[in-house]
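Q: Residue numbers (the working numbering), protein chains in the order written: chain L, 1 to 322; chain H, 1001 to 1344.
Glycine included, each C-beta is placed from N, C-alpha and C at the ideal position.
Let me give you the structure first, and then I'll get to my questions.
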Amino acid sequence: MEKLTKDKAKWVYKTMNDIRNFENEVHNIFTTGEIPGFVHLYAGEEAIATGVCAHLTDNDYITSTHRGHGHCIAKGCDLDGMMAEIYGKETGLCKGKGGSMHIADIDKGMLGANGMVGGGFPIAVGAGLRNKYLKTKDVAVCFFGDGAANEGTFHEGINLASIWNLPVVFVNENNFFAEATPQWYSSGSKTIADRAAAYGIPGVTVDGKDLVAVYEAAGEAIDRARSGKGPTLLECVTYRNYGHFEGDEQKYKAPSGKEKEEANRDCISQFRDYAIEHQLLTNKEAEEIESQSMADIEHAIKFAEESPVPRPEALFEDVYAN
Amino acid sequence: MMSRRLTFMKAINEGLEQAMEKDDRVILLGEDIAGGADVKHLEEKNEDAWGGVFGVTKGLMPKFGRERVIDTPISEMGYMGAAVGAAATGLRPVPELMFNDFIGFCFDTILAQGSKMRYMFGGKAKIPMTIRTCHGAGASAAAQHSGSYYGMLGAIPGVKVVVPSNPYDAKGLLLAAIEDDNIVVFSEDKTLYGMKDEVPEEYYTVEIGKAKIKREGTDLTIVAIGKMLYVALEVADRLAKDGVDVEVIDLVTVAPWDEQTVLHSVKKTGRLIVIDEANPHNNTATDIASVVSDKAFDYLDGPVKCVCAPNTPVPFATNLEQLYLPNADRVLKEAAEIIEDLKK
Ligand SMILES: Cc1ncc(C[n+]2csc(CCOP(=O)(O)OP(=O)(O)O)c2C)c(N)n1
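Encoded structure:
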């Protein structure tokens, strides 16, 4: 596994900031009514997408979820194109036809945010099958929520990856809640990682707010997959800063106690402290990254606002190939 | 009957409440239909966190408890199949499929199991269950949360499908669906939830299988499904200015649809347009067109016209989504061909 070098740490810190700033801005803009539809924000969970994608290249594939902005950014999708997509503009990554829940960029190995909870499992398995069939060293990563773990596709997907020994890493983002339903209510197994035993694959639980912990565990799982040793189920425990979607009152979140303390722990400042302490970043570098990130997001917003809406004919295009 | 103005959403909520009061075999299942299961601070106050993603089932868990208003994990195949099993063994479940677009996750339970049990078992089973779900574009919910699949579900023998267009019908049809001994899909247009109208306080039912004539006319029949009724009524108003007298029929039930009312009207007017928000092939509109062309051919003065969504998924961008939806201008364009001779 590649060590967390200074260069990597810079990329990590920039990526985490990009995600946070992107989401905070989308949150603000949403209240003005400029962004239509459903928006599910990733803020708070940055360490997972970042720590995992730090090991991936454009040739590796990921599948994402309805909460997909963070995965897109960490996989290298263009910020301008993403923001324009969320605004429903012609210059969006999906020409404005997908929206927040369907942002995708196959050239970057990003197989799409997904409006279907649990939709990603079999698709990631398919990408893994392709990698194995073509004898590449590429991997596929399936990001999924704690709620998604209760869909039948979880079982069928992971079982297939196991029996075919595919290079797929299943990354669970356990943020305690699926909409307003807690993980402890909906899962018979205490942890998601516990279930790996049923498929004969490694199951690992890490602190999903600790970038370094995610980075190391993901690195090991991805190395394992690349070297032909098969899938891993990696559970990252985290919390989302905002509601399930914009407009959620979040009555189900604990007002105090252990859950609230966990909620208040911030993965970005935690990594900043770590990086400075371990001389991966200086204070000055961190500040430069922070302002560069803000400038990049502002650029993306301006780009989105100034872009045209799709041409009417676009309605009929891209239904079939050719 | 005492009545007051209620939203479409509240009318459904009240229907569920009255069905549950009347018959304790009625249970609700679905994702976050209460919300906050096993969350201590909510449990202490007997509070629901959500009451469904749109709030349709709000307040039912506090009233009836979690034994009857059951939050499920995200396991559509599991709970929809459980509803079939519970219905076959004597309960009257009302599962909610949050969006009709999620049907793929649980289709087997309806397609191969619930809809066929009675027939396969020689009439020895009943599956009294009502699947509440929602359909429809216009909420910027994008391709996987905006489709209209009532027609597809209605194509399955053994499944009834109703699509209410207003709060009164919503409550009455829901109660009729829950009383019905078959699988009834109750498909709500998510963009109508806020619509207000008079709704009686009492328990009442609206007959399944019976279309409603919303406006009488002699020149042209327009049959509309759900929200498309309002497009039809707008067209009728606009054509009235040209002296064309339009009869507007709210289909109400998509399966089995009311052949008698539709044929009777077409035999009077000789012209038919069907407005259906579903994609244009193999939908309810094409089915009506085919039956009418067959059974009322001699009465027709022109081809039956279907105005539907295009053969595309629902686009996200607002301007494209508006183009996707059938509207009055599109209907008038189609109408022009068959009413040319009528315009005064
Ligand atoms: C098949 C399907 N079922 C239900 C939904 C509605 N829904 C959207 S997100 C969500 C909760 C997902 O929870 P989880 O997988 O834990 O991800 P999180 O939102 O916590 O990131 C639900 C139930 C859906 N989009 N697709």
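(1) Hey, would you say the C-beta of residue 144 of chain L is under 7 Å away from at least one heavy atom of ligand 1?
(2) Among H:1049, H:1279 and H:1042, whose alpha-carbon lies nearest the alpha-carbon of residue 1033 of chain H?
(3) Compute the distance between the beta-carbons of residue 1296 of chain H and residue 1220 of chain H, then report whether it is under 8 Å.
(4) Return yes when at least one heavy atom of ligand 1 lies under 7 Å from the C-beta of residue 71 of chain L, else no.
(5) Assess, as a yes-or-no matter, whether the stretch 152-159 of chain L is touched by the stretch 179-188 of chain L under the definition of 3 or more beta carbon pairs within less than 8 Å.
(6) In the DSSP assignment, the alpha helix (DSSP H) including residue 1247 of chain H goes from what residue to what residue?
(7) Along chain H, which residues have their Cβ under 7 Å away from the Cβ of residue 310 of chain L?
(8) Taking only the alpha-carbon atoms, compute the straight-line gap between residue 1240 of chain H and residue 1209 of chain H and give it to the nearest angstrom.
(9) Closer than 9 Å between beta carbons: that is the criterion. Which residues of the stretch 1025-1051 of chain H meet it against chain L?
(10) Mind listing which residues of the stretch 236-252 of chain L have their C-beta closer than 7 Å to chain H's C-betas, in chain order?
(11) CB of residue 259 of chain L to nearest heavy atom of ligand 2: below 7 Å?
(12) Hey, is the stretch 1134-1142 of chain H in contact with the stretch 1173-1185 of chain H, meaning 3+ C-beta pairs nearer than 8 Å?
(13) Does the beta carbon of residue 97 of chain L come closer than 8 Å to any beta carbon on chain H?
(14) Ligand 1 and residue 1102 of chain H: does the residue's C-beta get closer than 7 Å to at least one heavy atom of that ligand?
(15) Looking at C-alpha atoms only, which residue of H:1231, H:1053 and H:1339 is the closest neighbour of residue 1242 of chain H?
(16) Under 8 Å by Cβ, that's how I've got residue 1097 of chain H and residue 1057 of chain H pegged, so tell me the actual separation to the nearest angstrom.
(17) Residues of the stretch 1066-1086 of chain H in Cβ contact with chain L at a cutoff of 9 Å, in chain order, please.
(18) Tell me whether residue 195 of chain L, by its Cβ, gets closer than 7 Å to a heavy atom of ligand 1.
(19) Quick one: residues in its chain with C-beta nearer than 7 Å to the C-beta of residue 1200 of chain H, no 5 flanking neighbours on either side, listed in chain order?
(20) Using DSSP with H/G/I as helix, E/B as strand and the rest coil, what is residue 305 of chain L?
(21) Name, in chain order, the residues that DSSP records as bridge partners for residue 203 of chain L.
(22) Cα-Cα, which of H:1317, H:1179 and H:1311 is closest to residue 1130 of chain H?
(23) Counting pairs of Cβ atoms below 8 Å between the stretch 1002-1019 of chain H and the stretch 1071-1078 of chain H, do you hit three or more?
(24) Considering only C-alpha positions, which residue in the set H:1079, H:1330 and H:1250 is nearest to residue 1306 of chain H?
(25) Since residue 1141 of chain H meets chain L, which of its residues come closer than 7 Å, beta carbon to beta carbon?
(26) Going along the chain, which residues of the stretch 1133-1165 of chain H sit with their C-beta nearer than 9 Å to a C-beta in chain L?
(27) Is there a C-beta anywhere in chain B that falls below 8 Å from the one on residue 316 of chain L?
(28) For ligand 1, any of its heavy atoms closer than 7 Å to the Cβ of residue 1121 of chain H?
(29) So, at 8 Å on beta carbons, what are the nonlocal neighbours of residue 1267 of chain H in its own chain, with the 5 sequence-adjacent residues on each side left out?
(30) What does residue 1324 of chain H touch in chain L if you count any residue whose Cβ is under 8 Å from its own?
(31) Using DSSP with H/G/I as helix, E/B as strand and the rest coil, what is residue 1186 of chain H?
(32) Does the pairing of the stretch 1152-1171 of chain H with the stretch 1243-1263 of chain H give three or more beta-carbon distances under 8 Å?
(33) Tell me the rounded alpha-carbon separation between residue 1304 of chain H and residue 1323 of chain H.
(34) By Cβ distance below 8 Å, which residues in the same chain neighbour residue 5 of chain L in space, the five residues on each side in sequence not counted?
(35) Return no unless some Cβ of chain H is closer than 8 Å to the Cβ of residue 185 of chain L.
(36) So which residues of chain H does residue 147 of chain L contact, with C-beta pairs closer than 8 Å?
A: To lay it out plainly:
(1) As a position in the first sequence, residue 144 of chain L is number 144, starting the count at 1. Indeed, a heavy atom of ligand 1 lies less than 7 Å from the Cβ.
(2) Counted from its first residue, the second sequence places residue 1033 of chain H at position 33. Measuring from the Cα of residue 1033 of chain H, the nearest candidate turns out to be H:1049.
(3) Counting from 1 along the second sequence, the entry for residue 1296 of chain H is found at position 296. Counting from 1 along the second sequence, the entry for residue 1220 of chain H is found at position 220. For residue 1296 of chain H and residue 1220 of chain H, no; Cβs fall outside 8 Å.
(4) Translated into positions along the first sequence, residue 71 of chain L becomes position 71. Checking the Cβ of residue 71 of chain L against ligand 1 gives no.
(5) no
(6) Taking the first residue of the second sequence as 1, we reach residue 1247 of chain H at position 247. Here residue 1247 of chain H belongs to no alpha helix (DSSP H); instead the beta strand (DSSP E) covers 1246-1250.
(7) Numbered from 1 along the first sequence, position 310 holds the residue referred to as residue 310 of chain L. Within chain H, the residues near residue 310 of chain L are 1317, 1319 and 1320.
(8) Your numbering for residue 1240 of chain H matches position 240 in the second sequence. Your numbering for residue 1209 of chain H matches position 209 in the second sequence. Approximately 29 Å between the Cα atoms of the pair.
(9) 1031, 1032, 1034, 1035, 1036, 1037, 1038, 1039, 1040, 1041, 1042, 1047, 1048, 1049 and 1050
(10) 251 and 252
(11) As presented, the structure is devoid of ligand 2, carrying ligand 1 as its sole ligands.
(12) no
(13) Here residue 97 of chain L refers to the residue found at position 97 when the first sequence is read from its first residue. It does: the Cβ of residue 97 of chain L has a partner Cβ on chain H nearer than 8 Å.
(14) Your numbering for residue 1102 of chain H matches position 102 in the second sequence. Yes.
(15) Locating residue 1242 of chain H in the second sequence gives position 242, where the first residue counts as 1. It is H:1339.
(16) Position 97 of the second sequence, counted from the start, is the residue given in the question as residue 1097 of chain H. Position 57 of the second sequence, counted from the start, is the residue given in the question as residue 1057 of chain H. Not quite, the Cβ-Cβ distance comes to about 13 Å (not below 8 Å), so this is no contact.
(17) 1071, 1072, 1073, 1074, 1075, 1076, 1077 and 1078
(18) On the first sequence, position 195 is the one that residue 195 of chain L refers to. Flag unset: Cβ of residue 195 of chain L not near ligand 1.
(19) Looking up residue 1200 of chain H in the second sequence gives position 200. If we look at residue 1200 of chain H and ignore the five residues flanking it on each side, its Cβ neighbours are 1001, 1002 and 1003.
(20) As a position in the first sequence, residue 305 of chain L is number 305, starting the count at 1. Looking at residue 305 of chain L - three-state DSSP - the assignment turns out to be helix.
(21) As a working mapping, residue 203 of chain L is identified with position 203 in the first sequence. Partner(s): L:233.
(22) Sequence index remark: in the second sequence, residue 1130 of chain H carries index 130 (1-based). Cα-wise, what sits closest to residue 1130 of chain H is H:1179.
(23) no
(24) The residue given as residue 1306 of chain H occupies position 306 in the second sequence. Closest option to residue 1306 of chain H, Cα to Cα, is H:1330.
(25) The residue you call residue 1141 of chain H lines up with position 141 of the second sequence. In chain order: 37 and 38.
(26) 1139, 1140, 1141, 1142, 1143, 1144 and 1145
(27) Although the question refers to chain B, the structure presented lacks it and instead comprises the protein chains L and H.
(28) By one-based count along the second sequence, residue 1121 of chain H stands at place 121. Residue 1121 of chain H: no, Cβ never under 7 Å from ligand 1.
(29) Numbered from 1 along the second sequence, position 267 holds the residue referred to as residue 1267 of chain H. So the qualifying residues of the chain are 1296 and 1299.
(30) Position 324 of the second sequence, counted from the first residue, corresponds to residue 1324 of chain H. Neighbours of residue 1324 of chain H on chain L, chain order: 315.
(31) Working through the second sequence from its first residue, we reach residue 1186 of chain H at position 186. In this structure, residue 1186 of chain H counts as strand in the three-state DSSP scheme.
(32) yes
(33) The residue labelled residue 1304 of chain H in the question sits at position 304 within the second sequence. The residue labelled residue 1323 of chain H in the question sits at position 323 within the second sequence. Roughly 22 Å separates the two Cα atoms.
(34) Stepping through the first sequence from its first residue, residue 5 of chain L is reached at position 5. These residues qualify, in order along the chain: 280.
(35) Here residue 185 of chain L refers to the residue found at position 185 of the first sequence. By this cut-off, residue 185 of chain L is an interface position.
(36) Taking the first sequence and counting its residues from 1, one reaches residue 147 of chain L at position 147. The answer, in chain order, is 1073 and 1074.
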